[in-house]
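In this note's numbering, the protein residues as written are -6 to 56. Cβ coordinates follow ideal geometry from the N, Cα and C atoms, glycine included.
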């Protein structure tokens, strides 16, 4: 069973729709699919930032 959560997005719908407005496929997605994509993008960015911090601190130790 999928995990579900209720989220208040008041005032965010326009911003959500504009995020990938240059991609014609974005308009075909449901709001739930758009939110999932934004969550995944945000998680990947945070994970990438954490990895770069780890590798930069490791390279400082190696120096």
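Mind reading off the beta-carbon distance from residue 36 to residue 12? Whole number of angstroms is fine, and I expect it under 8 angstroms.
-> Contact doesn't hold; Cβ gap of about 15 angstroms is too wide.
Quick one: Cα of residue 42 to Cα of residue 33, how far?
-> 14 angstroms
Taking residue -3 as part of the alpha helix (DSSP H), name the residues at either end of that continuous run.
-> Per DSSP, residue -3 belongs to no alpha helix (DSSP H) and is neither H nor E.
Three-state class that DSSP yields for residue 28 in the structure shown | helix
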